[in-house]
Each structure stands twice: as structure tokens, then as C-alpha cells.
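Chemist: Mapping of the sequence shown onto my numbering: residues 5 to 295, in sequence order.
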Amino acid sequence: MRVKYVLSEVLVGLWRNVTMTIAMIITMAVSLTMLGASGLMYLQVSSMKEYYFDKFEVAIFLDTEIAEAQRADLDSQLKADPLVAEVRYISKDEAHQQFKELFHDAPDLVGAVKPEQLPESFRVKLKDPRQYQQIADKFKDKDGIEEIIDQRKVLDKVFSILGAVQNVALAAAVVMAIAALLLVGNTIQVAAYSKRREVAVMKLVGASNWFIQAPFVLEAVVAGLLGSIIGFVALVLAKLFLLDGSLQDLTSLLTPVDWSSVLLMFPLMAGVGGLFSAITAWVTLRFYLRV
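1) Going by CA-CA distance only, name the one from 224, 175 and 217 that's closest to residue 185.
2) For residue 247 and residue 172, what's the separation of their Cα atoms in angstroms?
3) Since residue 130 sits in a beta bridge, which residues does DSSP pair it with?
4) Measure the C-alpha to C-alpha separation of residue 82 and residue 42 and round it to an integer number of angstroms.
5) May I ask you to list the residues that DSSP assigns as paired with residue 47?
6) Any chance you could list the alpha helix (DSSP H) runs of at least 4 consecutive residues sitting entirely within the stretch 259 to 285, in chain order?
7) Just confirm the distance between the C-beta atoms of residue 31 and residue 235, as a whole number of angstroms; I'd bet it's less than 8 Å.
8) Considering just the uninterrupted stretch of the beta strand (DSSP E) at residue 139, what are its terminal residues?
9) I'd like the span of the beta strand (DSSP E) that includes residue 63, first residue to last.
10) So residue 180 packs on residue 232, CB below 8 Å; how close in whole Å?
11) What is the residue span of the alpha helix (DSSP H) that residue 150 lies within?
12) Give the secondary structure of residue 299 by DSSP, where H, G and I count as helix, E and B as strand, and everything else as coil.
13) Would you grab the beta carbon distance between residue 78 and residue 146 for me? Rounded to a whole angstrom, and I think it's under 8 Å.
14) Using 10 angstroms around the beta-carbon of residue 280, count the other beta-carbons present and answer buried if the total reaches 16, otherwise exposed.
15) Pop quiz: residue 240 and residue 266 are said to be a contact at Cβ under 8 Å. What is the actual Cβ separation, rounded to whole angstroms?
16) In chain order, what residues of the same chain have a beta carbon less than 8 Å from the beta carbon of residue 103, not counting five sequence neighbours either side?
17) Going by beta carbon distance, what residues of the same chain come within less than 6 Å of residue 47, once the five residues before and after it are set aside?
18) What whole-angstrom Cβ distance do residue 127 and residue 94 have, given they're in contact under 8 Å?
19) Does the beta-carbon distance from residue 129 to residue 89 come in below 7 Å?
20) Any beta-carbon of chain B closer than 7 Å to the one on residue 284?
21) So which of 153, 165 and 112 has the shortest CA-CA distance to residue 140?
22) Considering only the alpha carbon of each residue, which of 284, 219, 168 and 189 lies closest to residue 24?
23) Mind checking which residues open and close the alpha helix (DSSP H) that includes residue 243?
24) Drop a sphere of 10 angstroms on the beta-carbon of residue 124, count the other beta-carbons inside from all chains shown, and report buried for 16 or more, exposed for fewer.
25) Which of helix, strand or coil does DSSP assign to residue 125?
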């Protein structure tokens, strides 16, 4: 009987302040959508780092006049190094072929560059990409080496930009969450004020604080859960129609966003929406209204 009463009071409370309830749900949905998007971006940046760093190599460019004996000696030293997982030699002809594929849209440039103008190189894959500096220090002063380039440095800049975007999205989500929680608190205050006489009567007949507060707290929880559902639906639609749809070509350099990552966001969003709404409602009732 008590449970039935509490649930009926929750429905009545949500309907009584329907405009504020809708505003609370929408605000919560927006903030939780941004939180879910931030979580997806965090997972995606980590996935991209793991994917690309595993494929990137250290490029060791050789002098154009390097002797065959020097090249063979460098090859054997690299293959014997305990930090190295794999070594590939790129000849002038192979470098020219790669150059033509890279700049196939600029035939004049391709025609102006001859194979003998491009340097030979070794492409070195490390067992641990973070040990690039150790390899660079070992070989930078060797005879026959022109330059050592770590391709990872290029992506570090890209990932730093993505990390900044991730932080901005997370900060915006936090701001929106604070706004949503303030709205939850205001809605609970209005709801409690509109039922102040009923609350006073219930206290006179000996109702416990939990029994009085439960409908208000559950109102906030329901609003938070509804907001999380709407936010999750927004993430699913973004995955279907943006990432896998109109923006698929623009995101070709990104690793695919797995459905498992999207689904993982729902318990996070629902937990944050429900739990923080409940805490906000409880604090509002306990420390401001003294219900």
C-alpha cells in the first residue's frame, strides 16, 4: 500500500509541475548526451592511439651517397638491436613509387622528381614505440644517416587537439550537469512547497521523513532516467546518421566507433542521471526545506 502511494505521488508530482518537469528532463538529456559524447571521445582517442602507435614506424633516411657496405652495416645493427621488432629497407625506386602514389593528384610534381633524387631509408618498427628517443640517440651520429623521423610525433599533435576537444566537451557537460541539478533542486522545492500542507499533516500523524521525502526523490530520479534515455537515443542516432552516415568520409582517418562503446555509455549516463538527481533532491529536502 505504501509503495503504491509513493508511486502515485510521483506521477502526480511530475504532472503537477509538467512544464518544469519537461525542462528538467530536457536539460538533463542535453547534459547527459554531452557526457556520453565525451566518454565516447575519451575511449576513441585511447583506441586511436593504440591502433596508430602500433602501426607507426621510425623512418631513418640515409645519405644520398651512402656506400653499400655502410648500408648493410646499418641494416645488421638495426636488426640486432633489442628495441627493434622489424626493419624494412626502402630503396630509391620504392621511395619514388610511394611518392607517386602520395602525390598522384599532382602529375607535374611527380614528373619533376626522379628516383635518384629521393633518399634510401630504413623503416623501423619498435617493440615499444615510446622508446623512440633511445633508438634516435643510438643511431643519429652514425655515418651514412641523414635524418631520423618518428612518425608518432605527427600524431601527438593530432591527439593533443583531440584531447583538447575532449576536455572542452567534458567541461561543457559538467556545466550543463550543474545547470540540470540546479533545476532539479528548484523543481523539488516548488513541488514540496505546493504540498506543504499535506507534508505538515503527514508529520503530525507520525509519518517518517523517508516516507515523506521518497516521492520527491523518486520524481528527480525518474526525470534523470528519462533524460538519460533521451540522451542515449541521441547518441545512437548520431552513430547511425552521422558517424556511419553523412560524416563517414570525413571521419575516415578515425578508428570506427564500436556499438559496444556506445552501449557502454547508457549505464554511465543512467547512473549519473539517476544518482545525482537523487542526491540533489535529498540534499534540497534535508538542508533547505527541512521536510
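Beta carbons: idealized from backbone N, C-alpha and C, even for Gly. Predicted, not measured: the structure shown is a model, and the values here were computed from it.
Modeler: Taking the structure as given:
1) Sequence index remark: in the sequence shown, residue 185 carries index 181 (1-based). The residue with the shortest Cα to Cα distance from residue 185 is 224.
2) The count along the sequence shown starts at 1 and reaches residue 247 at position 243. The count along the sequence shown starts at 1 and reaches residue 172 at position 168. Those two C-alpha atoms are separated by around 20 Å.
3) Stepping through the sequence shown from its first residue, residue 130 is reached at position 126. BP columns for residue 130 point to 88.
4) Looking up residue 82 in the sequence shown gives position 78. Looking up residue 42 in the sequence shown gives position 38. Cα-Cα distance, rounded: 41 Å.
5) Taking the first residue of the sequence shown as position 1, residue 47 is located at position 43. None; residue 47 has no bridge partner.
6) none
7) Locating residue 31 in the sequence shown gives position 27, counting from the first residue. Locating residue 235 in the sequence shown gives position 231, counting from the first residue. With 8 Å as the limit, residue 31 and residue 235 do not qualify as a contact, their Cβ atoms being about 11 Å apart.
8) By 1-based counting over the sequence shown, the position of residue 139 is 135. No beta strand (DSSP E) contains residue 139, which is instead part of the alpha helix (DSSP H) from 136 to 143.
9) By one-based count along the sequence shown, residue 63 stands at place 59. Looking at the DSSP string, the run of the beta strand (DSSP E) that includes residue 63 is 62 to 66.
10) For the purposes of this step, residue 180 is identified with residue 176 of the sequence shown, where counting begins at 1. For the purposes of this step, residue 232 is identified with residue 228 of the sequence shown, where counting begins at 1. The pair is not a contact, with the Cβ atoms about 13 Å apart (cut-off 8 Å).
11) Along the sequence shown, read from residue 1 onward, the residue named residue 150 stands at position 146. Note, residue 150: premise wrong, no alpha helix (DSSP H); beta strand (DSSP E) at 149 to 154.
12) This structure gives no information on residue 299, because the portion of the chain shown stretches from 5 to 295.
13) Within the sequence shown, the letter at position 74 stands for residue 78. Within the sequence shown, the letter at position 142 stands for residue 146. Sure, about 6 Å apart at Cβ, within 8 Å.
14) Along the sequence shown, read from residue 1 onward, the residue named residue 280 stands at position 276. Per the 10 Å Cβ criterion, buried.
15) Counted from its first residue, the sequence shown places residue 240 at position 236. Counted from its first residue, the sequence shown places residue 266 at position 262. Yes, they are in contact, since the Cβ atoms of residue 240 and residue 266 sit about 6 Å apart, within 8 Å.
16) Here residue 103 corresponds to residue number 99 of the sequence shown, with the count starting at 1. 114, 117 and 122, listed in sequence order.
17) The sequence position of residue 47 within the sequence shown is 43, counting from 1. Excluding sequence neighbours, residue 47 sits near 265.
18) Here residue 127 corresponds to residue number 123 of the sequence shown, with the count starting at 1. Here residue 94 corresponds to residue number 90 of the sequence shown, with the count starting at 1. Right, their Cβ atoms sit about 6 Å apart.
19) Looking up residue 129 in the sequence shown gives position 125. Looking up residue 89 in the sequence shown gives position 85. Taking 7 Å as the Cβ cut-off, residue 129 and residue 89 qualify as a contacting pair.
20) Absence of chain B from the displayed structure is noted, only one protein chain being present.
21) Translated into the one-based positions of the sequence shown, residue 140 becomes position 136. Selected option, being the one with the closest Cα: 153.
22) Against the sequence shown, residue 24 aligns to sequence position 20. Among 284, 219, 168 and 189, the Cα nearest to that of residue 24 belongs to 189.
23) Your numbering for residue 243 matches position 239 in the sequence shown. Run containing residue 243: none; DSSP gives neither H nor E here.
24) Working through the sequence shown from its first residue, we reach residue 124 at position 120. Burial call: buried.
25) Counting from one through the sequence shown, the residue named residue 125 turns up at place 121. Correct three-state label for residue 125: strand.
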